[in-house]
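K.L.:
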Amino acid sequence: MFKKAGWFLFLVLILSSPSLAWAEDSFLTQDRANILWTLLAAILVMFMQAGFAMVEVGFTRAKNAGNILMKNLIDFAFGSILFFLLGFGLMFGTDVGGIVGTSLFGLKGVNFASGGAWILTFWFFQCVFCATASTIISGGVAERMKFPAYVIVSIVVSALIYPLFGHWAWGSLLLGDEGSGWLEGLGFIDFAGSTVVHSIGGWLALAGALLLGPRTGKYTPDGTSKAIPGHNIPLAGLGVFILWFGWFGFNPGSTTSVDGTIGYIAVNTNLAAAAGVIGAMLAAWLRFGKPDVSFSLNGALAGLVGITAGCYEVSPVGSILIGLMAGILCVISVEFLDKKLKIDDPVGAVSVHGVCGAFGTLAVGFFAAPGFGDATGVFYGGSFKLVVTQFIGVASGFLWAFGCGLILFGLLKKSMGIRVSKEEEIKGLDIEEHGMEAYPSFQIFTTE
Amino acid sequence: MFKKAGWFLFLVLILSSPSLAWAEDSFLTQDRANILWTLLAAILVMFMQAGFAMVEVGFTRAKNAGNILMKNLIDFAFGSILFFLLGFGLMFGTDVGGIVGTSLFGLKGVNFASGGAWILTFWFFQCVFCATASTIISGGVAERMKFPAYVIVSIVVSALIYPLFGHWAWGSLLLGDEGSGWLEGLGFIDFAGSTVVHSIGGWLALAGALLLGPRTGKYTPDGTSKAIPGHNIPLAGLGVFILWFGWFGFNPGSTTSVDGTIGYIAVNTNLAAAAGVIGAMLAAWLRFGKPDVSFSLNGALAGLVGITAGCYEVSPVGSILIGLMAGILCVISVEFLDKKLKIDDPVGAVSVHGVCGAFGTLAVGFFAAPGFGDATGVFYGGSFKLVVTQFIGVASGFLWAFGCGLILFGLLKKSMGIRVSKEEEIKGLDIEEHGMEAYPSFQIFTTE
Amino acid sequence: MFKKAGWFLFLVLILSSPSLAWAEDSFLTQDRANILWTLLAAILVMFMQAGFAMVEVGFTRAKNAGNILMKNLIDFAFGSILFFLLGFGLMFGTDVGGIVGTSLFGLKGVNFASGGAWILTFWFFQCVFCATASTIISGGVAERMKFPAYVIVSIVVSALIYPLFGHWAWGSLLLGDEGSGWLEGLGFIDFAGSTVVHSIGGWLALAGALLLGPRTGKYTPDGTSKAIPGHNIPLAGLGVFILWFGWFGFNPGSTTSVDGTIGYIAVNTNLAAAAGVIGAMLAAWLRFGKPDVSFSLNGALAGLVGITAGCYEVSPVGSILIGLMAGILCVISVEFLDKKLKIDDPVGAVSVHGVCGAFGTLAVGFFAAPGFGDATGVFYGGSFKLVVTQFIGVASGFLWAFGCGLILFGLLKKSMGIRVSKEEEIKGLDIEEHGMEAYPSFQIFTTE
Amino acid sequence: MKLVIAYIRPEKLNDVKEKLYAAKIYNMSVTNVLGSGRQKGFTETYRGVLKEVNLLKKVRLEIGVNEDFVQPCLKAIQEGAYTGKEGDGVIFVLEIAEALRIRTEETGPQAMG
Amino acid sequence: MKLVIAYIRPEKLNDVKEKLYAAKIYNMSVTNVLGSGRQKGFTETYRGVLKEVNLLKKVRLEIGVNEDFVQPCLKAIQEGAYTGKEGDGVIFVLEIAEALRIRTEETGPQAMG
Amino acid sequence: MKLVIAYIRPEKLNDVKEKLYAAKIYNMSVTNVLGSGRQKGFTETYRGVLKEVNLLKKVRLEIGVNEDFVQPCLKAIQEGAYTGKEGDGVIFVLEIAEALRIRTEETGPQAMG
Ligand SMILES: Nc1ncnc2c1ncn2[C@@H]1O[C@H](COP(=O)(O)OP(=O)(O)O)[C@@H](O)[C@H]1O
Ligand SMILES: Nc1ncnc2c1ncn2[C@@H]1O[C@H](COP(=O)(O)OP(=O)(O)O)[C@@H](O)[C@H]1O
Ligand SMILES: Nc1ncnc2c1ncn2[C@@H]1O[C@H](COP(=O)(O)OP(=O)(O)O)[C@@H](O)[C@H]1O
């Protein structure tokens, strides 16, 4: 431990005025700084797992709280291992045909002494991104999905579905041109993953929610939607704050290098989240007559998802506008999904991550501002080509994730079954699937 | 995303022994390091929003939990936008008369390419400070204030009240002499904001609590104070730990630069918090016969608020003493406010932030130690002049914030009204103001 | 505050292309970077206090939630002060006989201006480690121990028991050979404290649990173990995520310097935790028929504790194996302790921290991989000598901590008593010890 | 006037409510209870240790009705709560000596409705 | 001996308690219930979806009293719980056949007080 | 048929259950209540302010039994719940006019068991 501590003390004492001759050893190299920053950002993103867990626990019923928690835990556990063994190689390994990476499985061939320090740090950062994508799904399929089936979904998403799309958009990040995927070749911009991470997760959740069908009691026989309120709003609120916090690793961390850009990316991220709250709150207030707490919380996430693609490309004012629109969009989308499409998404995963992710990615084509990042959007006189490219990215993300989702959930439904029995659903998944209760001593009004 | 990742890998591989010729590119510049540190500190401070939310939720009743959460969320959302549009310019823009800043509104004129990287990072750090000040108020006015009125308070505080006082004490931080306010001109020391942030928030809460009057049932007709226990002490405890954690961004981050001082500032911060717990616990134990949990939790915050002004100026031993006194003071102040002044402050915001903030600011005049920071306190042979200056700062903070608070809450009371109806109060603000319940399925004993 | 902010702005504006002549001032020195990283890591570790508090609160009953919280708070408060006054000096001061440090009490003699910046930062990092060790105990003695007695235990552990063993294993970290303890002299490897921190805490908890006896109702008259479920699994889950998050300060931070190793240490830490979840979940699933949530949560901690000693020495694949085994071991150990030894450890502190800590320390002797860290384990052709040394460390840790624990708890039992009355235990420690309830308004089924 | 007390499965409350409404019985009070009866409870494990749960979560209904509503009320509950598996519960009918509606100060059968 | 059961508004519990104390009735047991009655419940929205809440939170009092305390007891509850708006609740009085105080083994009217 | 209602100390529920089982009484329903009685409550402080707690946490048992089980039932509860200190609680016995077991449609004394 602390292997060089004594030595540093020595350094501190001696080097009151370091001469240039010392410079090589006594200054922090930029690459070490990048490792430090990328690691810190990854740690922040890792903590988003806690945020997702709390949001999903809070927005669902007490009788399923243990199950939801377990799904989030398992996501991250299997996700880490699978992304190590398989996913990372598919995503960042040597490219074949712009479609798939083919090396670095289990980080094979990485020599720690030369270059490996960076690769391992980069792996960790990518791993927590992958875990984010797969944890989004658990919200959409909450309160009715069989645990073993969920474990398989989680494994397939971390090992295959996420990394493959990731390769198309971000494949070159580690090996440069050698790893480049087809989508980035077109000039697709998704800085921190509105599409790559959030939409992919959201569309998978959509496929799951669709094939599972709504929770018992969610729709009356004549199709009227009924509210099934979450059981613990303070925990959901905590979860949103944790996610907001972790997002400062997600977006600014996606530079994977320390320079001035990390500051304004954080500013953009924060302004969009704030505007998302306001947009969603006002939209809900106007539409339903009250400043709904759960929509306002979702609004923060909607703003954050919306700015994720463009945080490096847009101006602070642009971020406010994107966040505001994402917040409003989220309210509309939740209502549309619930009342028109009659798809039951207990925590709003499809709207927040899928829809706002797509919106945010498209918005880059319009809002990308000169003086920030590399692109110029339509609103600043840029060409429509970027919008088209962004649309191709969004559409291919939808087709890939929703398609894979239908196949995956469909196969599982045919084989082992994906939905718990009605009796189990009414009693709660905690008792039947895990043999426990989340709050064994509190009196819970079990019929609500 | 990861725009330079491939390139860094290359660097890592090539630069086994960087020659001096590479130094310009391959070492981290101090200004980038400062951006990195300031950003990280800001992220930590941002997370304090979650801490405040949990403390306030936990220390109030279940029927108002959603409302409190919402107030905290809205604080940060409106605070961010308003501080961007207005507050930052008033606080750090070109000074007029030592009273008010007049440029940088909406960060206008900031060119990202030259210098803007720093300004945006600095903005974010200041923004989360501003949000802290305004979120303090929600605790003092909890469980009885109308939500729309609160939104207006929150906006005015972030846009005007906080930034103006901030300008007086910290105006020069960005533009140097060009932005300097009158208070810092006197030599007022408030390193991280015992007065600027905490007292301002606390005194505003005092004005609000005063004009709102106590919660129904808080005082019997003959004036005896009755306890209205918070409904979820574990959440409050979590909130305190989160705040303690975030404070390591608040205090050490206020260097906004990376050097050795950040370490001892953290040490001082931690020792004061620890001593605050002990002080408050022992005070409560002696006075009321039991080691009260809620006072001990408040004690940590009292210690933290107390050391905030002087964390850069005092020694570790001084920090222990300041923390201990702040912890004791907090217990005395809570009792005094509650039983003598009969002001109902549900979470102790006035005592913890107002009173201990004032105490901590004054303490700098006595405890500032040679070898730490720049000043010398009375206890180390310094002149009383500093104490006087500190007192001027404390007093002007009180007059400003309490005065503005009285006017603001007073005007709102006259116009739209600030207090919910008695019926609504008894039923809970969640149902009436937001149409929801925080724990819809738990049986809650609604009469307590 | 922000003392150099204006100056930095200036720097940013001027230094578009820093010339070498500027290098001394304009680049971040490695020692400052180390201070920054060590401070950030310490902050993360500090946050583990919140994690422990939530895990322990969640895994015990509602009627003792305030008491548990209070114990965690007090641990950190007294721990910080005592480690400042006494512990740090015993641990890192000038060595006498390889047994005890004898200087630096109250950081006396540390001159902030020369070298003190590092020492203070290092102190903070060590302080939060010390607090971790002592907070482990509260879980094992939960729900039945007198609060005043616990305060004394907490003080003695932070001031004496932990620092002394710490000196033996890590004494040289600050002063080099001058501070070296006997155990590190043998070549004992415990990079971040599987033994020094976790096992020590775990064995102390074992002694406490043994001398206190099981909770009322834990064993039927014929010795059958009965389940006493924790009251709030979502909080426990949150706690585990917080600990996982904080561990990225614990392990990578133990480098106390910024270089490439921090990245792979984080990777190892994460993979072991993930594998721990999987190991524990599968073990519980096979053995008890259901994927138990509480075991899976413990599994994450088991994996983390297991990798702590070797995170710098083993490969990612080794980490997965260590984590997997630790997860399985934790399930076996919990069952063995509970059903065979009939020792009542409410949160599994002994198994997770004591047993998995010992396992992890021994595992270094086998798994230490060439290309990572300094040692070579038996599996890679290393000598058995290292295994023997590791065993000596583990055994001496057990003898020291368990022995001291028996004496300490024994003396307290004889003198002031350590166990609350049966009536108090049944009513809950919150009411009798602290005069409060954690959830005064929720209906709690008090007989469960 | 009679007080009908019924212990039913929580998941059947909605069905029972619908049947009662159909029978024009709108007034009732509902409580959470833990019950044991012929359905013997179950065992689960928590951290590998057996946990006997012999008090199961049930819902308790209290309905004050006038004489002519007693039979419809029993029928409605019986139909709504029936699953045929152990644990369906039981209904008791008690005599109410007096009744008073607080708002209207009506007493006797008047107060029921 | 009579068992008085009253369903009242939660926010009125304190007033009722005071009135009962004034009438020298100190013994009672209180439960949380959800009730439906003439007050038809309300609807709220959660995430834009209508949520019907037709079981409202009420508080249920049970008071075992001797004959001569029945009327004062009814009066006290009626006065304390009255608001005049729908939802004030109802009081039922049941006959107690037998009573036993556990600590003293007193039975009958003795056991009540 | 009788309905036995008992208010006991929460910590005594297990003892009472054991005694009841020994008396071959397995059916019961249990509720959390807050009660006040001869045991006058207690005061505690919260943040230095007095808090009167005069409603104490109790557990309420409801047991429907046939005539010949009434006395054994009372005895069992009395023995299990007794501590001799104030707050042990009280038992009421009410007449059940009619009973119906939902699953079996048994009525009257049959339905009890
Ligand atoms: N004699 C009784 N006294 C009080 N409550 C009873 C009685 N019998 C049944 N119950 C309540 O009804 C619930 C269901 O009873 P149970 O005997 O399991 O149903 P079934 O007769 O359908 O098997 C029990 O859990 C209990 O709450
Ligand atoms: N017949 C009844 N049986 C059981 N509970 C009743 C009955 N009537 C009223 N209640 C209880 O009293 C509460 C108030 O009744 P409600 O009819 O709304 O009052 P009001 O008569 O003042 O309008 C109900 O929510 C319910 O809990
Ligand atoms: N007359 C009564 N009506 C309703 N509940 C009662 C009555 N008397 C006692 N109780 C219940 O029994 C509990 C214990 O009663 P208490 O008078 O304190 O016991 P003891 O007679 O042993 O002192 C009370 O808290 C209350 O819940």
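Chains as they are written, first to last, in this note's numbering: chain Z, 138 to 585; chain L, 138 to 585; chain D, 138 to 585; chain B, 101 to 213; chain X, 101 to 213; chain E, 101 to 213.
Glycine included, C-beta positions come from ideal geometry on N, C-alpha and C.
Bear in mind that the values here come from a model prediction, so they are computed numbers and not experimental data.
Where does the unbroken alpha helix (DSSP H) through Gly203 of chain D begin, and where does it stop?
P.N.:
202-219 is the extent of the alpha helix (DSSP H) around Gly203 of chain D.
K.L.:
Taking the straight line between their C-alpha atoms, what separation do you get for Met191 of chain L and Phe382 of chain D?
P.N.:
Rounded to whole angstroms, Met191 of chain L to Phe382 of chain D spans 19 Å at the Cα level.
K.L.:
Taking only beta carbons into account, state which residues of the stretch 413-442 of chain D come closer than 9 Å to chain B, listed in chain order.
P.N.:
Here the close residues are Ala421, Arg424, Phe425, Gly426, Lys427, Asp429, Ser431, Phe432, Asn435.
K.L.:
Based on Cα-Cα distance, which residue from X:Lys157, X:Val133, X:Met212, X:Thr131 lies nearest to Asp168 of chain X?
P.N.:
Among X:Lys157, X:Val133, X:Met212, X:Thr131, the Cα nearest to that of Asp168 of chain X belongs to X:Met212.
K.L.:
Is there a Cβ of chain E sitting closer than 8 Å to that of Ile563 of chain D, yes or no?
P.N.:
By this cut-off, Ile563 of chain D is an interface position.
K.L.:
What does Lys102 of chain X touch in chain B if you count any residue whose Cβ is under 9 Å from its own?
P.N.:
In chain order: Ala197, Glu198.
K.L.:
Indicate, with yes or no, if ligand 2 has a heavy atom lying under 7 Å from the CB of Leu156 of chain X.
P.N.:
Correct: Leu156 of chain X has its Cβ closer than 7 Å to ligand 2.
K.L.:
Are there three or more Cβ pairs, one per stretch, closer than 8 Å when the stretch 193-205 of chain X is compared with the stretch 177-196 of chain B?
P.N.:
At 8 Å Cβ cutoff, the stretches touch.
K.L.:
Can you tell me the Cβ-Cβ gap for Arg556 of chain Z and Lys355 of chain Z, rounded? I've got them flagged as a contact below 8 Å.
P.N.:
Not confirmed; about 13 Å, so no contact.
K.L.:
For my contact list, Leu349 of chain D and Arg281 of chain D are in at a C-beta cut-off of 8 Å; report their separation, rounded to the angstrom.
P.N.:
Indeed they touch by this definition, with Cβ atoms about 6 Å apart.
K.L.:
Name the two residues that bound the continuous alpha helix (DSSP H) containing Tyr182 of chain E.
P.N.:
Neither: Tyr182 of chain E is in no alpha helix (DSSP H) and is coded neither H nor E.
K.L.:
Hey, how far is the Cα of Leu461 of chain L from the Cα of Lys427 of chain L?
P.N.:
When rounded, the distance between both Cα atoms is 18 Å.
K.L.:
Any residues whose CB sits closer than 7 Å to a heavy atom of ligand 2? List them in chain order?
P.N.:
That gives B:Asn127, B:Met128, B:Ser129, B:Glu162, B:Ile163, B:Gly164, B:Val165, B:Arg201, B:Ile202, B:Arg203, B:Thr204, B:Met212, X:Tyr107, X:Val133, X:Gly135, X:Ser136, X:Gly137, X:Arg138, X:Gln139, X:Leu156, X:Lys158, X:Glu186, X:Gly187, X:Asp188, X:Gly189, X:Val190.
K.L.:
Do His368 of chain D and Pro577 of chain Z count as a contact pair if the criterion is CB distance below 8 Å?
P.N.:
Yes, the pair counts as a contact, with Cβ atoms nearer than the cut-off.
K.L.:
Counting pairs of Cβ atoms below 8 Å between the stretch 317-336 of chain D and the stretch 300-308 of chain D, do you hit three or more?
P.N.:
Counting Cβ pairs under 8 Å, three or more are found: they touch.
K.L.:
Any chance the stretch 180-196 of chain Z sits against the stretch 481-492 of chain Z, with 3 or more Cβ pairs inside 8 Å?
P.N.:
Yes: the two stretches touch, three or more of their Cβ pairs being nearer than 8 Å.
K.L.:
Excluding the 5 residues preceding and the 5 following Ala254 of chain L in the sequence, name in chain order all residues of the same chain whose CB lies nearer than 8 Å to its CB.
P.N.:
Ile172.
K.L.:
Rounding to the nearest angstrom, what Cα-Cα distance links Ala160 of chain Z and Gln167 of chain D in this structure?
P.N.:
In this prediction, Ala160 of chain Z has a pLDDT of 43, which is less than 50 and means its spatial position is unreliable; what the coordinates show is noted afterwards. C-alpha separation (whole angstroms): 10 Å.
K.L.:
Let me confirm a value: Leu499 of chain D is counted as buried when at least 16 other C-beta atoms fall within 10 Å, else exposed. Which label applies?
P.N.:
Under this definition Leu499 of chain D is a buried residue.
K.L.:
Going by C-alpha distance, which of B:Val149, B:Lys157, B:Val165 is nearest Lys112 of chain B?
P.N.:
Comparing Cα-Cα distances from Lys112 of chain B to each of B:Val149, B:Lys157, B:Val165, the minimum goes to B:Lys157.
K.L.:
Report the neighbours of His571 of chain D on chain L: residues whose CB is nearer than 7 Å to its CB, in chain order.
P.N.:
Ordered by position in chain L, the residues that pass the 7 Å Cβ test against His571 of chain D are Lys427, Pro428, Asp429, Val430.
K.L.:
State yes or no: is the C-beta of Thr175 of chain D within less than 8 Å of the C-beta of Thr258 of chain D?
P.N.:
Cβ atoms of Thr175 of chain D and Thr258 of chain D: closer than 8 Å.
K.L.:
Examine the Cβ distances between the stretch 236-251 of chain L and the stretch 285-297 of chain L and report whether three or more of them are shorter than 8 Å.
P.N.:
Touching, no.
K.L.:
Buried or exposed for Leu343 of chain L, going by 16 or more other Cβ atoms inside 10 Å?
P.N.:
Per the 10 Å Cβ criterion, buried.
K.L.:
Shorter than 8 Å from the beta carbon of Glu118 of chain B to some beta carbon of chain X?
P.N.:
So no, Glu118 of chain B is outside the interface.
K.L.:
For Phe385 of chain L versus Thr406 of chain L, is the C-beta spacing smaller than 8 Å?
P.N.:
In contact: Phe385 of chain L and Thr406 of chain L (Cβ atoms closer than 8 Å).
K.L.:
Quick check on the burial criterion: 16 or more other C-beta atoms within 10 angstroms. Buried or exposed for Val525 of chain D?
P.N.:
Exposed.
K.L.:
Could you tell me the distance, in whole angstroms, from the CA atom of Leu150 of chain Z to the CA atom of Val247 of chain D?
P.N.:
Any reading at Leu150 of chain Z must be qualified, since the residue scores a pLDDT of 37, below 50, and its modelled position is unreliable; the value itself is stated next. Their backbone Cα atoms lie some 12 Å apart in a straight line.
K.L.:
On a CA-only basis, which of L:Gly277, L:Val442, L:Asn435 is nearest Val334 of chain L? Give me that one, please.
P.N.:
Of L:Gly277, L:Val442, L:Asn435, the residue nearest in Cα terms is L:Val442.
K.L.:
Over what stretch of residues does the alpha helix (DSSP H) that includes Ile202 of chain E continue unbroken?
P.N.:
Note, Ile202 of chain E: premise wrong, no alpha helix (DSSP H); not H, not E.
K.L.:
Can we count Ala170 of chain Z as close to ligand 4, meaning its CB is less than 7 Å from some heavy atom?
P.N.:
Summarising the ligand content, the structure contains ligand 1, ligand 2 and ligand 3 and does not contain ligand 4.
K.L.:
DSSP state of Arg281 of chain L, grouped into three classes?
P.N.:
The answer is coil: DSSP assigns Arg281 of chain L none of H, G, I, E or B.
K.L.:
I need the DSSP call for Phe582 of chain L, collapsed to helix, strand or coil.
P.N.:
Correct three-state label for Phe582 of chain L: coil.
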